[in-house]
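Below: the structure, in structure tokens.
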Ligand SMILES: *Cc1c(COP(=O)(O)O)cnc(C)c1O
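Residue numbers (the working numbering): 257 to 648.
This is the structure in structure tokens:
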């Protein structure tokens, strides 16, 4: 069996080679490597795609999240609710700014923040009472008044979170709603695109994401004019009226012109790629559904579209299946082995095992199978056959 790539950047390059080479060539000739015309062209394309008023291209998904929190002036004394089942960046940026991440466990089916538990966590914070919901010790023992500021919610594996439920709670408590759409660019909820579902949407163009650059890049999207101005300033050292006036502290978080050029090429075929990802998810489902309850395939609730960044199944006997696949040179990944509340980096918050039971159970059973738009049906059949054999 020829080896199956987990993601397949070279097949995509074969298809786009002419377009990518000519766009990069253009950049080499005009020489505007920083904030060149392709950056603004990309921003226009992103606002069109996501139907937002503003897009601010930037250096990575992590910086996009950091910029979003900085636009709200998040800092010490602030509480930001987030998910424990995500890539570390989702919560890392909260801690970096000196604010306190409060983790809210996930829904066992969608792997996204559980809206009911968010309510419980907010109540617990208001009472400073961790018998209502597990809290960081800084919140329970907090002497100075802490402010509940907002939410950073991830759309895991490409599926948007429940933004209708989240929006209601955010409005009730006056919280901002930041969408971490690093994995869900191209996903949808009730006809609205990922990145437009919160007050600010942050996405990543890391090469392995659904829309990937040839290096680090990201974007922040919003339809709030004031925030867009803040984000533009933050991206370039808090720039003011001109290059040499600084009205606030900011970052160097610009998007390279080269990466913007690559992304413009990749956007040409992105919709077809999304469709192909959906077809591949359908094929996986057709072959694996019969293995329930040994395997649980991902479910996409009505009204949602996943960007299928990952095809992740739950398996009781994960080691068995992973071993069998690896013997056939079929790559798999585990996203995520350690939930964030149990990572050493967050030990200072004082969470203990058992605090986020759904995330902890999911981290023991989750397995991501190869997913890219260039997988052939026969390859998926082969993968599923190995899984069937391993489980009977
Ligand atoms: C990849 C990812 C990020 C970070 O994006 P980078 O571009 O690698 O900085 C943030 N959040 C989630 C959920 C991600 O998957």
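In this text, a Cβ means the ideal position worked out from N, Cα and C, and glycines have one as well.
Taking buried to mean at least 16 other C-beta atoms within 10 Å of its own C-beta, is residue i buried or exposed?
i, result
"residue 377", "buried"
"residue 379", "exposed"
"residue 600", "exposed"
"residue 566", "buried"
"residue 339", "buried"
"residue 475", "buried"
"residue 634", "exposed"
"residue 368", "buried"
"residue 559", "exposed"
"residue 506", "buried"
"residue 327", "buried"
"residue 519", "buried"
"residue 277", "exposed"
"residue 383", "exposed"
"residue 238", "One cannot answer for residue 238 here, as it falls past the ends of the chain, which runs 257 to 648."
"residue 500", "exposed"
"residue 292", "buried"
"residue 544", "buried"
"residue 550", "buried"
"residue 477", "buried"
"residue 284", "exposed"
"residue 573", "exposed"
"residue 289", "exposed"
"residue 613", "exposed"
"residue 718", "Outside the displayed range of the chain (257 to 648) lies residue 718, so it cannot be described from this structure."
"residue 645", "exposed"
"residue 268", "buried"
"residue 527", "exposed"
"residue 636", "buried"
"residue 578", "buried"
"residue 345", "buried"
If I'm right that residue i touches residue j with Cβ under 8 Å, what's the distance once you round it to whole angstroms?
i, j, result
"residue 433", "residue 454", "4 Å"
"residue 317", "residue 460", "2 Å"
"residue 349", "residue 325", "6 Å"
"residue 402", "residue 335", "5 Å"
"residue 409", "residue 436", "6 Å"
"residue 516", "residue 491", "With 8 Å as the limit, residue 516 and residue 491 do not qualify as a contact, their Cβ atoms being about 13 Å apart."
"residue 623", "residue 569", "6 Å"
"residue 468", "residue 530", "About 13 Å; that fails the 8 Å criterion."
"residue 306", "residue 449", "4 Å"
"residue 592", "residue 390", "The pair is not a contact, with the Cβ atoms about 19 Å apart (cut-off 8 Å)."
"residue 426", "residue 407", "6 Å"
"residue 587", "residue 626", "6 Å"
"residue 312", "residue 299", "7 Å"
"residue 604", "residue 479", "Actually they do not touch by this definition, with Cβ atoms about 36 Å apart."
"residue 415", "residue 366", "6 Å"
"residue 563", "residue 440", "5 Å"
"residue 525", "residue 272", "7 Å"
"residue 355", "residue 332", "7 Å"
"residue 263", "residue 464", "5 Å"
"residue 260", "residue 571", "At roughly 18 Å, the Cβ-Cβ gap does not stay under 8 Å, so residue 260 and residue 571 are not in contact."
"residue 353", "residue 330", "5 Å"
"residue 595", "residue 341", "6 Å"
Going by DSSP, which residues form a beta bridge with residue i?
i, result
"residue 362", "369"
"residue 311", "477"
"residue 299", "According to DSSP, which records beta bridges pairwise, residue 299 is partnered with nothing at all."
"residue 357", "336"
"residue 624", "568 and 589"
"residue 519", "Partner(s): none; residue 519 has no beta bridge."
"residue 445", "448 and 560"
"residue 378", "Answer is none; residue 378 lacks a bridge partner."
"residue 290", "512"
Would residue i pass as an interface residue toward chain B - the criterion being a Cβ-Cβ separation below 7 Å?
i, result
"residue 518", "Any reference to chain B falls outside this structure, which holds one protein chain only."
- Nearest-residue set for ligand 1, Cβ under 6 Å from any heavy atom: 316, 317, 318, 342, 343, 345, 346, 410, 436, 438, 439, 460, 462, 472 and 474
- What are the uninterrupted segments assigned as alpha helix (DSSP H) that are 4 or more residues long and contained completely in the stretch 380-442, given in chain order? 393-396 and 419-429
- Task: Taking only runs that begin and end inside the stretch 450-516, name each unbroken beta strand (DSSP E) of 3 or more residues, in chain order.
- Result: 456-460 and 474-478
- Message: Which complete beta strand (DSSP E) runs does the stretch 531-599 hold, if anything under 3 residues is left out?
- Response: 567-571
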